[in-house]
Structures are given as C-alpha cells and as structure tokens.
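Below is one structure; the comments refer to it alone.
There are 2 protein chains.
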Amino acid sequence: MTDINFSGMAAKPDSQGDDHAPAAGGRDLRWDIIELLFFAYRDFVGDADQELEAFGFGRAHHRVIHFVTRYPGLKVADLLDVLRITKQSLGRVLKQLLDEGYIVQKTGNNDRRQRLLYATPKGEALVAKLAGLQTDRINRAVAGIDPAGVETVRQFLRAMIDRDDPDKVLEAIFGGGRKTRE
Amino acid sequence: MTDINFSGMAAKPDSQGDDHAPAAGGRDLRWDIIELLFFAYRDFVGDADQELEAFGFGRAHHRVIHFVTRYPGLKVADLLDVLRITKQSLGRVLKQLLDEGYIVQKTGNNDRRQRLLYATPKGEALVAKLAGLQTDRINRAVAGIDPAGVETVRQFLRAMIDRDDPDKVLEAIFGGGRKTRE
DNA sequence: CAAGATACGTCAATATGACTGACATAAATT
DNA sequence: AATTTATGTCAGTCATATTGACGTATCTTG
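Protein chains in written order, with the numbering used here: chain B, 36 to 217; chain Z, 36 to 217.
In structure tokens, the structure reads:
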C-alpha cells in the first residue's frame, strides 16, 4: 500500500498552528478559506456534472438553462453579462438547448430585436433535478447550523460578490428591494 | 439607452417572497445559496485570473502552483487526486511551471520513483500575490461578521465538501478526523 | 427620412484545458 | 524473476472559451 503518512508534506512555516493567523514576515493570508472555497465549489458543481453527462450536456449548458429557468424572459445580452462569456461561446450552447427543446425564444414586445429566453417544461425539469442535487448538499451542510448562522453564511457569500457594474440577475438578487417589481 | 427595468423578468411563481421557502408543488430548493455560490466563486477566481494573464498562465497553473506551495513535497499522484484531472492534463501545465522555474522536483528519499514537488521562491511569490488578492476579498466579506460568524462560515464550507475518499490535502485540512484509518 | 447605434446571429481561426488509450521506463514489491 | 507502482509521453479528440469580421433586422436620433 502507499504510505499513509505525508512524506515531507507539512504546513508552511509561516502558517503554523492557526491557519488564518498573521504570518511571521508577510501578511495575513486566508489560506484556510481560500482552500475551503476551492474544495466546496469543486464538489458542489461535481453533483451536477454526473447528471449532465446523461443528457450529453456540460457545465456551460447547466449555467445557461439554470438562469433562463430562474429568470424567465432573460435577454441574450443579459445572459452574456451573467456568464461573462462572449456571444460566440454562448451561441453554440444556446443553439443546442433551443434545438433540443429545453429553451424557447420569444421576440420582445417593446423591442423586436430582442430574443427573450424561456425554459420549456423539459428545461425546467432538468434544472429542478440538478438544483435538487445541489440543495441536498446544502441541506446537509447547514444541518448543524442555526437559522441565524445560515443567514451569516448568506451574508458572507453576498459580500464576496462584486457590486460594481452588476448584471441584471445580480440586480434582481440584491434587489433595490424589488425582486420582481412592486 | 436600453430599458432599465426587467422586461418580463420575474421570480418564478413557486419562489415568491422568501427565496428558500418551500415550493408550492415541488420541494424546497435552495435557489438563493446555489446562485450566491455561483457568483461568489465567479468573482473569487476572477481576482486571480487578471494577474495570471500577465504571467501567461491560466487557472490550471494557479491550482497547481498553489497546492505545491502550500503542501511542499506533494507527489504528482497526490496532485492528481486533489485537482481531479488526468496526468496527461497535469503534464503540460506542470512542465511549464518546471521549465519556467516556479516548481522544482526532488526524487523521493524512501521511494526513488516519486518526484516530490516544491515551489521555488519565484513560485511562492506568485502564489502569495494571488492569495493576497483573494484574501482582500475575503477580508472585505467578513468585515461585518464577528469571529463566531466567521467560524460558522468555515463550518458551512467544510460541510459542503465530500468526505468519502478524501485526498491527502483534504486529510491535512480536516486533520485528525480523517475517514481512512486511525 | 437618412444615418447611426443596438441586438443578435454566424463564419473562421485559434487557445486552453480537459479527455481516452497506448506505451515506456525506472524502481519497488512480491 | 515477475509484477506492480509512479511517472512521463505520444497521439488524437472534445468542450469551452477566445478575437475579429461581417450581415441583418430594428430601434433611435439628427
């Protein structure tokens, strides 16, 4: 069997003991949270990856169909802002989702150049299935945390997000107060 | 100017009001935390992306040099477990980091087949720079949260991570409570 | 109305980072 | 001596991203 102990693997000398303590010579780096975020997100998106394979889709498809389902009537331009990709990249993925009947387009009422995007029941079902897997993980994670603690987690995540030049979905999430429109 | 209001964009009828309330017909899905995780991670890794461009590196290089810096003496096989990629994928990225002097290899003492990986001062400097950017964001995010709340955030992130079949880095992070064997 | 800007789609070429499969070598284990 | 392990590499492919250019329909503005 392989050696079970760490061969020479050790915490760096400037981060002995408490992983978020001030460094001796350098500054206080948050190694622990940096790495926890990496692993948490790795496993979080991993849940969906396995399911998506069965549909012949990748992460790109998930992101698109998720936000279209959640924010019906999203424009192509909005989606580009949210996903931070180019329209050429979005094009292929979106075309697949349209061709296979997960999304439909509707010409905008006010502006007929716009193609407003809506998920079909088929698309919504896929999104709900994937969100279910991720919800299971989140529920397990918050099982030992009281409601105030969960709100603290939300507060932390919200504060990790850039607020300058927010896209439409972020505006909806952070709301001027309004989720929809009062 | 483009329309500033959401053209038809609204929360789904089954998620009115509180975003994590039980759905009318379906189950209780954690849309809010799912999306907060997406945006938080998007902006979190975005910090490093901009710096990495100046070095001609991508996210793959960052992940490799980060874990090698943090866990000196990491074996190639360990790195494959942590990053969950194939050795062929790791190969090219690792070769670049070796060629450009960010990482050095040392033959294992006990097992001469092993190539133990160590960051050079040049490599450590890059990692510290990138971790500094991410630490700035984390510090801003926890600014309004008391120490107990920050510990709750850590607890949440730890609980989001798969604990079955953990890699060596995860064993180090979770320490004594390791699943493998005592 | 004419001119320009905007929203979207698409063609072409390219880069990164991932994959499978096969094979080679050196060193450890049995 | 035979096998397994740790690592490296070649070859081909795929998914997702990029930049740049161009076309078309539609809205806005002078």
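Ideal Cβ positions, reconstructed from N, Cα and C, are used throughout, including at glycine.
Contact annotation for Q169/B against chain Z: L64, R65, I68, I69 and L72 [CB-CB distance below 9 Å, chain order]. Scanning chain B for C-beta atoms nearer than 7 Å to the C-beta of T187/Z yields I180, G184, T187 and V188, reported in chain order. L109/B sits close to L152/B, with the two beta carbons spaced by under 8 Å. In the DSSP assignment, K141/B falls outside any alpha helix (DSSP H) and within the unbroken beta strand (DSSP E) covering I138 to T142. According to DSSP, Y76/B shares a beta bridge with no other residue. Taking a Cβ-Cβ threshold of 8 Å, none of the residues of chain B is close to Y137/Z; the smallest such distance is about 16 Å. Within the model, the alpha-carbon separation for G179/Z versus F79/Z is close to 18 Å.
Scanning chain B for C-beta atoms nearer than 9 Å to the C-beta of F90/Z yields nothing, as the closest lies near 19 Å away.
DSSP places L151/B inside the beta strand (DSSP E), whose first and last residues are R150 to A154. For R119/Z, a Cβ of chain B is located within less than 8 Å of the residue's own Cβ. For R150/B, same chain residues with a beta-carbon under 8 Å away, outside a window of 5 residues either side, are K110, V111, Q140, K141, T142 and G143 in chain order. Its chain contains A83, L87 and L165 as the residues whose beta carbon lies nearer than 7 Å to that of H97/Z, once the 5 sequence neighbours on both sides are disregarded; these appear in chain order. In the DSSP assignment, L109/B forms a beta bridge with L152/B. Put simply, the stretch 169–185 of chain B does not touch the stretch 126–136 of chain B. Fewer than three CB pairs are less than 8 Å apart. Assignment of L129/Z by DSSP, reduced to helix, strand and coil, places it in the helix class. Of all alpha-carbon atoms in F73/Z, V99/Z and R189/Z, the one lying nearest the alpha-carbon of K130/Z is that of V99/Z.
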